[in-house]
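Student: The structure follows.
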Amino acid sequence: MTLYGVGLGPGDAGLVTVRGREILREAEVVYSPGRLSRSVATEHVPEERIGDLDFPMTRDEEELREAWREAAAEIAPSARDGTVAFVTLGDPNVYSTFGHLRRTLAAFHPDVDLEVVPGVSALTAFATALGVEVAAGSSIALREAARGAAPTGPDRMVLFKVTDAPATHEGLVEAGYEVTYGRRLFMEQGETLVTDDPADLAERDYYTLAYAERPEARVEQATDAFVEAGADGGRAVTDGGDAERLERSEAALSGDEVGR
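Quick note on my numbering: the sequence shown kicks off at 4 and runs consecutively.
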């Protein structure tokens, strides 16, 4: 049978994918690595089918490895005999605990079949909440900013685990970035907050992300001409293309009648 790694999305039970809900309803046991993922899963699964796993809050790698070996040993027999799921917030392959489970199973229980059900990642949820467009021709990097780290280099970054926003902010601003923060976005647990003031985030929270961008990094898009035309009294700014076609497009977008 199969172990499914199911991404639950950013924390709102309504953002679990249709396929994810189907697997949760089919699974004999749904294993959860923490309280937040459990609270989302119980919106779709009766509590008696939830299997809680205990992971220590430590940076001791050997202690963590032992916890993952124990988790894999518990999950493997159920996965051999039936359909089970391991849930994680976001997407199982993006900054997720699921990678540890997959590697541990591969090492100690290679006969367990495994399938991944993607979820809405924190990256895409964050971009949506802040109105950040990752447009064609642009790029964005993922970085971690735990304990006040302020990674620099790429023109655009989404930073995970911003646990000391004031320290991170200072380093990023000095490097020429503009920074916006989001805490517990699309999460039903805790208070959602969007701010560009790090003082608002003095209380540390693991579920805080940041978007850092250098002002000169914006990539020009073809449809910018529509905005420029609107700001220029209706005169379209083009690169020598079909001006009549652009004017008709602008008229359609504004609701004006076309062809009269």
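Every residue gets a Cβ at the ideal spot worked out from N, C-alpha and C, and that includes glycine. Computed from a prediction, not measured in an experiment: that's the story for all the values here.
#1: Shortest alpha-carbon distance to Phe129 belongs to which of Pro121, Gly93, Ala110?
#2: So for Arg146, helix, strand or coil by DSSP?
#3: Provide the residue span of the beta strand (DSSP E) that contains Arg159, from first to last.
#4: Below 8 angstroms on the Cβ atoms is my contact criterion, and I expect Leu18 with Phe189 to pass it. Report the Cβ-Cβ distance as a whole number of Å.
#5: What ranges does the beta strand (DSSP E) occupy inside the segment 13-44, keeping only unbroken runs of at least 3 residues that lie completely in it?
#6: Less than 8 angstroms between the C-beta atoms of Leu6 and Asp84, yes or no?
#7: Closer than 7 angstroms to a non-hydrogen atom of the ligand FAD - does that hold for the CB of Ala79?
#8: Mind checking whether Leu162 and Leu212 have CB atoms under 8 angstroms apart?
#9: Would you mind stating whether Ala76 and Leu56 have Cβ atoms separated by less than 8 angstroms?
#10: What does the Cβ neighbour count give for Glu177, buried or exposed, with the cut at 16 atoms within 10 Å?
#11: Where DSSP assigns a beta bridge to Asp116, which residues make up the other side?
#12: Tell me Thr91's beta-bridge partners as DSSP assigns them.
#13: Would you kindly check if the distance between the Cβ of Phe101 and the Cβ of Val91 is under 8 angstroms?
Tutor: Quick look at the numbers:
#1: By 1-based counting over the sequence shown, the position of residue 129 is 126. It is Gly93.
#2: Here residue 146 corresponds to residue number 143 of the sequence shown, with the count starting at 1. Reduced to three states, the DSSP call for Arg146 is strand.
#3: By 1-based counting over the sequence shown, the position of residue 159 is 156. It spans 159-163 - the beta strand (DSSP E) in which Arg159 sits, taken as one unbroken run.
#4: The residue given as residue 18 occupies position 15 in the sequence shown. The residue given as residue 189 occupies position 186 in the sequence shown. Going by Cβ atoms, the distance from Leu18 to Phe189 rounds to 6 angstroms, so yes, they are a contact pair.
#5: For secondary structure counted as the beta strand (DSSP E) over 3 or more consecutive residues, the segment 13-44 holds these complete runs in sequence order: 32-35.
#6: Indexing the sequence shown from 1 puts residue 6 at position 3. Indexing the sequence shown from 1 puts residue 84 at position 81. No, they are not a contact pair.
#7: With respect to the ligand FAD, the structure offers nothing, as it holds no ligand at all.
#8: For the purposes of this step, residue 162 is taken as the residue at position 159 of the sequence shown. For the purposes of this step, residue 212 is taken as the residue at position 209 of the sequence shown. Yes.
#9: As a working note, residue 76 is residue 73 in the sequence shown. As a working note, residue 56 is residue 53 in the sequence shown. No, the pair does not count as a contact, with Cβ atoms beyond the cut-off.
#10: Against the sequence shown, residue 177 aligns to sequence position 174. Classified as exposed, Glu177 has fewer than 16 neighbouring CB atoms from the shown chains inside 10 Å of its CB.
#11: The sequence position of residue 116 within the sequence shown is 113, counting from 1. Beta-bridge pairing links Asp116 to Thr5.
#12: For this step, residue 91 is matched to residue 88 along the sequence shown. DSSP lists Gly10 as partners of Thr91.
#13: Position 88 of the sequence shown holds residue 91. Position 98 of the sequence shown holds residue 101. With the sequence shown as reference, residue 91 is identified as Thr, and Val is not the correct amino acid for it. Yes, the pair counts as a contact, with Cβ atoms nearer than the cut-off.
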